[in-house]
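Take 30 as the starting number for the sequence shown in our numbering and just add one per residue.
A virtual CB, placed ideally from N, CA and C, is assigned to each residue, including glycine.
Remember, it's a predicted structure, so these values are computed and weren't measured experimentally.
The block underneath contains the structure these notes are about, expressed in structure tokens.
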Amino acid sequence: MTASPDLKTVQLASPDLLRSVFRRHAAGVAVITARGGSGPVGFTATSLTSVSAEPPMLSFGIGTGASSWPAVADTDHIAVHLLGEHQRELAATFARSGADRFGAPTRWHEGPEGVPVLAGVRAWLACRIVARVPAGDHRIVLAQVLAGDATGPGRPLLYHQGGFHGLRD
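Set out below in structure tokens:
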């Protein structure tokens with residue numbers, strides 16, 4: 030016999046319930062970058078998902094109120110970076126509103142299709158956006174992988190319970 034949920038703790042669907050549940054879900058940390066009209070833009074994402082191997086495709090979510098959304102909405106190409114546990118501060122910089130995300134100490138260079146590529150990451154991919162699907166106050170961006178590098182150092186950075194953490198065995 031399986032245990033039933035405690036009905037005293039059941040909540041109706043709400044933004045707070047969704048946030049509370051997903052704080053309990055450990056997720057890998059990525060930074061998405063794009064070339065914007067007045068320079069590079071980027072944001073920290075934990076919604077990165079592999080979608081297809083043939084053709085190689087991925088997805089991520091972005092809020093339409095995010096400062097990076099106008100650039101992502103207008104560009105054809107983005108870069109996806111998987112961060113290592115040694116990059117907590119980089120993750121925090123790209124998550125912080127109003128931060129100078131591409132100023133020192135952030136190191137980056139222009140990659141394929143002109144996308145900003147961050148230095149020292151565990152892996153990165155340059156991608157072509159193929160769709161932006163409306164999903165509430167977000168868009169799910171589908172992107173086809175064009176090129177990348179999976180040889181960076183370190184162990185993965187995770188996001189859990191509102192903070193950045195290293196992977197433990």
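Residue interval of the alpha helix (DSSP H) (run including A51):
In the sequence as presented, Ala is not what sits at residue 51; that position holds Phe. Per DSSP, F51 belongs to the alpha helix (DSSP H) from 44-52.
8 Å Cβ cutoff met for R157 and H106:
yes
Can you give, in chain order, each stretch of the alpha helix (DSSP H) that sits fully within the stretch 75-118 and has at least 4 residues?
98-103
Could you compute how far the alpha carbon of A121 sits from the alpha carbon of H167?
21 Å
In terms of alpha-carbon separation, which member of G143, G66, A59 lies closest to S96?
G66
Whole angstroms are fine: how far does the CA of T38 sit from the CA of T78?
30 Å
Beta bridge counterpart(s) of T62 as assigned by DSSP:
G71, A108
A56 and T73 look like a contact to me (Cβ under 8 Å); what is the Cβ gap, rounded to whole Å?
Wrong, their Cβ atoms sit about 11 Å apart, outside the cutoff.
Determine whether the beta carbon atoms of R151 and G181 lie at a separation below 8 Å.
yes
Below 8 Å CB to CB, which residues in the same chain sit around A59 once its five sequence neighbours on both sides are set aside?
T73, A74, T75, L77, F89, V109, H110, L111, L112
Find out if the Cβ-Cβ distance for the pair V70, A42 is shorter than 8 Å.
no
In angstroms with no decimal places, state the Cα-to-Cα distance between L46 and A128.
28 Å
Run the CB neighbour count on R53, radius 10 Å, all protein chains shown included, and call it buried at 16 or more, exposed below.
exposed
With DSSP collapsed to three states, give me the class of F131.
coil
For P141, three-class secondary structure by DSSP:
helix
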